[in-house]
Amino acid sequence: SRTSDVEEAVLRVLQFLQEQGYESAKTALEKETGLKCGEEHKSGYLLSALSVYEEFLAPKDDAKETKLEREIEDHLTNPKGGVLEVPSQARDSEAKHTSNVIDVRFSRARGFENYVASADVQGNIILTDTDTLKACTPVERGFFKAPILTIDFNANSNHLAVGCMDGSHHVVDLKLGDLLSEEKKDSESKSKAEIVKSFEKHGKYVNRIRWSADGKMLATCSYDNEVRVYKEKNAGKGDWELANRFQFRRGVECVEWGKGQNSALIYVTIQQDNYIHTIDTKAMKKGERYNMNSFGDDHVSFTVLDLNCSPDGKYLLAGTDKDRTIMFACNSEKQVRNFYGADSGKYFNPKVVFDQNESHAFATSYDNTIVVWDVGSQRQVTKLSGHKKMIRSLHIHANKPILVSGSYDKSVKFWSCSSS
175 SRTSDVEEAV LRVLQFLQEQ GYESAKTALE KETGLKCGEE HKSGYLLSAL SVYEEFLAPK
235 DDAKETKLER EIEDHLTNPK GGVLEVPSQA RDSEAKHTSN VIDVRFSRAR GFENYVASAD
295 VQGNIILTDT DTLKACTPVE RGFFKAPILT IDFNANSNHL AVGCMDGSHH VVDLKLGDLL
355 SEEKKDSESK SKAEIVKSFE KHGKYVNRIR WSADGKMLAT CSYDNEVRVY KEKNAGKGDW
415 ELANRFQFRR GVECVEWGKG QNSALIYVTI QQDNYIHTID TKAMKKGERY NMNSFGDDHV
475 SFTVLDLNCS PDGKYLLAGT DKDRTIMFAC NSEKQVRNFY GADSGKYFNP KVVFDQNESH
535 AFATSYDNTI VVWDVGSQRQ VTKLSGHKKM IRSLHIHANK PILVSGSYDK SVKFWSCSSS
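Residues are numbered in the working numbering as their position in the sequence shown, beginning at 1, plus a constant of 174.
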């Protein structure tokens, strides 16, 4: 197995001490760490790395780059509307899931923004009103032939896109309007959902399904190395058709639509790859790709498992498999922030989100908590505790400081501000 990063660093320090003749220091470090200096590294490696690092830190001559950096720093340290309050008060939904909760998503449709859909591994989809915490179950076990892995609400309707483990993916009308008009008082009222569109299956399971901001396009991705883009066939008729397929060299981890001036772009990350790829849905072709490595090399030291675009469309938050959450300026290779403190255990898939004005970033952690950072200072503000098992999903209200999380402890929790 590959030597850990810490051991690698110690070995290179040992090599430096040996090259410089500091035998006593080398012997003491070998004794303390249990590691022995070998000959596997090129001589002068540490000094060479220091030289590269100093060059990286050196002031840039490019005035445009400096101006951009100042603008970004000013924006992040002085967010529009000021630093928002952190949602930290937990409330449990009345949703009675009997198996692991796989995904949770707020509705984006006007008039229904306070409703959350939560899906579990057995195929149940439960809707919860965040005001009352009352729940209903429009989709029950057996409605789909395979376990649900990913869901997302259309911004123009209550059509829910659903991706499943067998590669199938569908658009479902939850009949939420009809359900609410019934005004049933019991917390487990039911309404019959309807599949309005089923698409050709992916070759492997669908691990992400996302609507565009305007609700007119739908993107899916899978470990079959493919991203598909569907477009609205007849406006307002609830019908979609395949616009294009895009092949990548490895399994696709996630897709995320841009926002604002980048709303026609889909950001894509794939397994064991150091690039953020893009798809231009106006031209319906692959766009630019951006190296995530600070030094511009092609060494793959982490995989991005989740992406979240900021509400203003300027930044991407990337959750990795290496205990690190990175914030990029969109459509660039510029890392504007690095956040540490959210642990990535083996087989853990972190989920990340911004708040409404990018004053805070949130990430799920392997220790069953949600880590919160102040974006301006990069300082960890708090950890939200309450789940007893792995947190599988995380989402935020469109315009209220309310987080929702779903967990393998079968619960759905809402996190709101103490002043709410």
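Using N, Cα and C, we set each Cβ at its ideal position, and we do this for glycine too.
Each residue's CA atom was taken as its position, placing S506 and V429 some 17 Å apart. Setting aside the 5 residues that flank it on each side, K508 is surrounded in the same chain by F502, each with a C-beta closer than 7 Å to its C-beta; the list follows chain order.
Take the alpha-carbon of A183 and the one of F190: they are about 11 Å apart. Boundaries of the beta strand (DSSP E) around A417: 413-421. As a beta-bridge residue in DSSP terms, Q263 pairs with S590. In the DSSP annotation of this structure, the continuous segment of the alpha helix (DSSP H) that includes V187 starts and ends at 179-194. Considering only T302, D548, P253, V345, the residue with the shortest C-alpha distance to E415 is V345.
Taking all protein chains in view, the Cβ of L479 is crowded by 16 or more other Cβ atoms within 10 Å, so the residue is classified as buried. Counting the other Cβ atoms within 10 Å of the Cβ of I369 gives fewer than 16, which makes it exposed. Note on geometry: alpha-carbon atoms of W589 and S198 lie some 55 Å from one another. Cβ atoms of R566 and Y540 stay farther apart than 8 Å, at about 12 Å.
Listed in chain order, the alpha helix (DSSP H) runs fully inside the region 383-408 amount to none, counting runs of at least 4 residues. According to the DSSP assignment, A202 belongs to the alpha helix (DSSP H) that extends over 197-207.
Cβ contact annotation for A293 (same chain, cutoff 6 Å, sequence separation greater than five): I276, D277, I299, I322, I325, in chain order. In this structure, the beta-carbon distance from L224 to L301 does not fall below 8 Å.
At the C-beta level, T543 and K557 come within 8 Å of one another. Going by DSSP, L481 is part of the beta strand (DSSP E) stretching over 478-483. Under the DSSP definition of a beta bridge, T240 lacks any partner. Spanning the alpha carbons of V545 and D340 requires a straight line of approximately 32 Å. For R498, the enclosing beta strand (DSSP E) starts and ends at 498-503. Counted as a single uninterrupted DSSP element, the beta strand (DSSP E) harbouring A291 occupies residues 289-294.
When DSSP reads this structure, K459 sits in a beta bridge with D454. The alpha-carbon of V187 is positioned some 30 Å away from that of G493.
Shown here for L220: same chain residues with a beta carbon closer than 6 Å to its own, the five before and five after excluded, namely R186, F190 in chain order. From the listed residues V180, T201, G212, L250, the smallest Cα separation to G550 is found for L250.
Secondary structure note for H333: its beta strand (DSSP E) is the uninterrupted segment 333-338.
Judged by their CB atoms, L439 and G461 are nearer to each other than the 8 Å cut-off. Per DSSP, Q445 has no beta-bridge partner at all. In the structure shown, H249 falls within a helical segment according to DSSP collapsed to helix, strand and coil. Counting C-beta atoms within 10 angstroms of its own C-beta, N332 has 16 or more neighbours from the protein chains shown and is therefore classed as buried.
Pairing W431 with S484 gives a Cβ-Cβ distance that is not under 8 Å.
As the crow flies, the alpha-carbon of Y289 is around 25 Å from that of S342. For F280, the enclosing beta strand (DSSP E) stretches over residues 275-280. No Cβ-Cβ contact shorter than 8 Å links R384 with R402. In the displayed model, L307 falls within coil according to three-state DSSP, outside both helix and strand. Sixteen is the threshold: when 16 or more other Cβ atoms of the shown chains lie within 10 Å of the Cβ of G337, as they do, the residue is buried.
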